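Engineer: Starting off with a structure, shown below.
Residue numbers (the working numbering): 462 to 1079.
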């Protein structure tokens, strides 16, 4: 089989025994349900038995903690084909970020950190600090957003402004004895590049480096893989599928699969997994046709081998409204449950965002169908808990800065709130934010807390903020009822009292959902978070122009086609593709939420060839 990459045509082998390919570098093209975990575990068995590899020479990098745990469990399962004896199990199976953190933790002093440094994962506080950094060096605070985005995506060639902001941002973090989520990769690369001894140590523990979900890496992660595998490229074994690259917002790119031979030379091997164990024939046919039509740069794939005669089904539902769509989904699931099939069955309802879920939840509840909803963190409660934590730890500069932002976003007498739009108000707000950002310089120079400098500042607008925080802190110590009242008044975790009661009401509704009455599991998930999962029946909601795909930009259309590919291939038996002509504005955030146009992804499906498998529901 030949695959055309960006620069040349290369040969790829079709095999279910990719794990035996040696020496590397090896890229395994593993489509949905082709057995990636199986290949990685068998690779470990092969390395130990055939290549005399030791457990402490093997490192496996997974994309999520859940995937790492799943792989560990498989290797520990007696009798499973993936079973690996305890003494031969790799000493490190982790995410790339966890691996980076381990490298940094052993050498924290290299970066001026103590061993108990803080890891910042909250995206909002990171944005606050990037904007502070921009203001501190005399740049527009919005350039802080760009610098943050550059770091998130692992951009190796940021602008001069981004580099300056990033340096100031790093200085603020070090003042707080902290690193952020992306630093786990960036700093690990910096350390390995700078110190030969440390690099050799980690390269020795990665003599055989196995990487899962290779299509989701960004430039910084690619650099880490290259640094770790540099002296032992024959031990590099990566698994991925460019059709499932859906993390562009993090800098992930399918080009690392498409350019694998360009990166690692003519000795590299590309092997495509042959057998589809999850999806039935029609489901894969539709998914492949969709992504081939809209992503012209994809690596062409050979026809997979299917283990079942049943071809599966793909159904299109064109509904007049989101409410009718929700009722239709509930009725289909109800009929499935009533079949009384003895073995466990599952239905997943995949939505673009959580805004699409409420009407579906209501329809399922009315039909007495048990379901679970993907948990989401309440931003309002998160804000309330951050304020409570600050009251208990006022010397934490990060918490102090976060709570100050809550006050500033609500607005004070001298500082316009975050919803201000008038030019004069925006200027006044930015001037106040610049004064707040400047407090980082004072804390660095005098080695005292941010809170201390805020209280001592003579500026009238900052005094007002300090007084607001002081009143909340005092109330927390003596009168919790007053603390809640002042917090709502000053920081507005809930925009209105009604919003608070709505949240509590929704919480109560969740507790009253019907209990599990059958072996049929129903889950509502966002499409992004369905990756790695599978269900018998999959319902995909929101197939309208402006949602899926989001825009008319070719690059975004290609990524959205891959996103839909991932969603479709979660199904083993049946896929339901849903388009509604009317949705609430609170769902779509569009001015015109009526007369929604059917997604081009639906219009271009190859229905003419397989008409009898498609069903229109008017």
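Each residue gets a CB set at the ideal place from its N, CA and C atoms; glycine is no exception.
Predicted, not measured: the structure shown is a model, and the values here were computed from it.
1. Indicate the three-state DSSP secondary structure (helix, strand or coil) for residue 698 in the structure shown.
2. Out of 649, 581 and 609, which has the shortest C-alpha to C-alpha gap to residue 638?
3. Would you report the Cα separation of residue 771 and residue 736, rounded to the nearest angstrom?
4. Kindly indicate the opening and closing residues of the alpha helix (DSSP H) around residue 948.
5. Quick check on this structure: which residue in 1011, 495, 1066 and 951 has the alpha carbon closest to the alpha carbon of residue 700?
6. Between residue 886 and the rest of its own chain, which residues show a CB-CB distance below 8 Å, the 5 nearest in sequence each way excluded?
7. Give the range of the alpha helix (DSSP H) segment to which residue 459 is assigned.
8. Taking C-alpha atoms, which residue in 820, 474 and 560 lies nearest to residue 672?
9. Could you give the first and the last residue of the continuous beta strand (DSSP E) run that contains residue 730?
10. Could you tell me the alpha carbon to alpha carbon distance between residue 903 and residue 918, rounded to whole angstroms?
11. By how many angstroms is the C-alpha of residue 797 removed from the C-alpha of residue 776?
12. Among all the DSSP beta bridges, which residues are the ones paired with residue 806?
13. Should the stretch 477-491 be called in touch with the stretch 726-734, which here means at least 3 C-beta pairs below 8 Å?
14. Using the rule of at least 16 other Cβ atoms within 10 Å of the residue's Cβ for burial, across every protein chain shown, is residue 1065 buried or exposed?
15. Taking the alpha-carbon positions, what's the residue 1060 to residue 1051 distance?
16. Could you spell out where the beta strand (DSSP E) holding residue 580 opens and where it closes?
17. Nearest-angstrom Cα distance between residue 764 and residue 996?
18. Specify the secondary structure class of residue 792 as computed by DSSP and reduced to three states.
19. Restricting to Cα atoms, I'd like to know which of 492, 644 and 666 is closest to residue 739.
20. What did DSSP end up calling residue 534 once you bin it into helix, strand or coil?
21. Out of 678, 567, 951 and 800, point me to the one whose CA is closest to residue 714's CA.
22. Which residues in the same chain have their Cβ closer than 7 Å to the Cβ of residue 711, if we skip the five residues on either side of it in sequence?
23. If you follow the alpha helix (DSSP H) that residue 558 is part of, which residue opens it and which one closes it?
24. Would you mind sorting residue 507 into buried or exposed? The rule is 16 or more other CB atoms within 10 Å of its CB.
25. Please classify residue 1003 as buried or exposed, where buried requires at least 16 neighbouring CB atoms within 10 angstroms.
26. Is residue 478 buried or exposed, if buried means 16 or more other CB atoms sit within 10 Å of its CB?
27. Which ranges would you report for the alpha helix (DSSP H) in the stretch 853-930 if only whole runs of at least 4 residues count?
28. What is the residue span of the beta strand (DSSP E) that residue 669 lies within?
29. Distance check for residue 547 and residue 819, CA to CA, integer angstroms please.
30. Determine, using beta-carbon pairs with one atom in the stretch 591-600 and one in the stretch 678-694, whether at least three such pairs fall under 8 Å.
31. Which two residues bound the contiguous beta strand (DSSP E) that contains residue 778?
32. So, for residue 635: in the same chain, excluding its five sequence neighbours on each side, which residues have a beta-carbon less than 6 Å away from its beta-carbon?
33. Considering just the uninterrupted stretch of the beta strand (DSSP E) at residue 1035, what are its terminal residues?
34. Can you tell me whether residue 927 is buried or exposed, with buried defined as 16 or more other CB within 10 angstroms of its CB?
35. Under 7 Å Cβ to Cβ from residue 1023, same chain only, skipping five residues before and after it: list those, please.
36. Closer than 6 Å by C-beta to residue 1042: which residues in its own chain qualify, once you throw out the five before and the five after it? Chain order, please.
Structural biologist: Checking against the coordinates, here is how it stands:
1. Per DSSP, reduced to three states, the secondary structure at residue 698 is strand.
2. That would be 581, whose Cα lies nearest to the Cα of residue 638.
3. 15 Å
4. 941-952
5. 495
6. 877
7. Outside the shown range of the chain, which is 462 to 1079, sits residue 459, and nothing can be said about it.
8. 560
9. 730-733
10. 10 Å
11. 15 Å
12. 981
13. Touching, yes.
14. Exposed is the call here.
15. 16 Å
16. 579-581
17. 23 Å
18. helix
19. The candidate whose alpha carbon is nearest that of residue 739 is 492.
20. Helix.
21. 678
22. Taken in chain order, the residues that qualify are 613, 614 and 679.
23. 557-566
24. So residue 507 counts as buried.
25. buried
26. exposed
27. 858-871, 884-907 and 911-917
28. 669-672 is the span of the beta strand (DSSP E), which, as asked, contains residue 669.
29. 47 Å
30. no
31. 774-780
32. The residues are 573.
33. It spans 1032-1041 - the beta strand (DSSP E) in which residue 1035 sits, taken as one unbroken run.
34. buried
35. 704, 705, 706, 707, 752 and 756
36. 781 and 1057
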